[in-house]
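Have a look at the structure below, then the notes.
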Amino acid sequence: MSIKNKKYILSVIVVAVLIVLYLVFQDKIDAILNEGQGNESNQTVIVDGTGQNAGSQDSGNTAADNQTAAGNSDGTADAQNPGTTTSDNSSDNGSVTDTPADYVTYKFRSKKLLDQHYEKHGKEMGFASAADYEKAASDVVNNPDALNKIEKEDGDYVYYVEATNEFVIVSTDGYIRTYFLPSAGKSYYDRQ
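Numbering (this note's numbering), first residue to last: -9 to 182.
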């Protein structure tokens, strides 16, 4: 066996080992990469919806249905609706909040992706900052009037508010993929 063949075989083995290591430690790697992206509470939970709706083509569910299914009485969330949910197990201090207790905060996978989407869509939508754009996308997903279904192509969650023509896609692992105003309106949502 030549040296060239040995190097090739060794490189294939190294790549295979790296892939296996990544798959084994993927959750820890994601947690490290997402650290410091605005999670102010250690009570925040990422919910993975992969496979929970496998084979389900029911597009009649509303965001309110998914929110109800996502919340358990113990403050945890089912894996049917991905995202970050914050549960407050502390005693009530009498403060008033502007978000409901079952509000799920959705984020872009990285600051870079958020910034790219804000530049592409957020500015033309009139948002003053990338954070405002991201919050508005999360609001669409939490809107009880939003139509939602599972995307035919890759199983991601698709949300559309007819009254405002807002369109959001959330990945199966709970991250915002995009948020914009489709020029084709509801027919764009229907094609997904």
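C-beta atoms are modelled at their ideal positions from N, C-alpha and C, and glycine is treated no differently.
If you draw a straight line from the Cα of residue 150 to the Cα of residue 114, it is about 18 Å long. If you draw a straight line from the Cα of residue -6 to the Cα of residue 9, it is about 23 Å long.
Nearest neighbour of residue 168 by Cα position, chosen from 140, 136 and 99, turns out to be 99.
Distances from the alpha-carbon of residue 156 to those of 92, 125 and 136 put 136 closest.
Where residue 137 is concerned, the enclosing beta strand (DSSP E) starts and stops at 137 to 140.
For residue 93, no beta strand (DSSP E) segment is defined, and its DSSP state is neither H nor E. The secondary-structure analysis by DSSP pairs residue 149 across a beta bridge with 138 and 158. The beta-carbon separation of residue 96 and residue 166, rounded to 5 Å, stays under the 8 Å limit for a contact.
Within a 10 Å sphere around the beta-carbon of residue 104 sit 16 or more other beta-carbons, which makes this residue buried.
The distance from the Cβ of residue 124 to that of residue 182 is about 21 Å, inconsistent with a contact at the 8 Å cut-off. Under DSSP, residue 166 takes part in a beta bridge, and its partners are 98 and 160.
Distance between residue 12 and residue 143, taken at the CA atoms: about 25 Å. Taking the CA atoms as reference points, residue 6 sits about 21 Å from residue -9. DSSP places residue 121 inside the alpha helix (DSSP H), whose first and last residues are 120 to 132.
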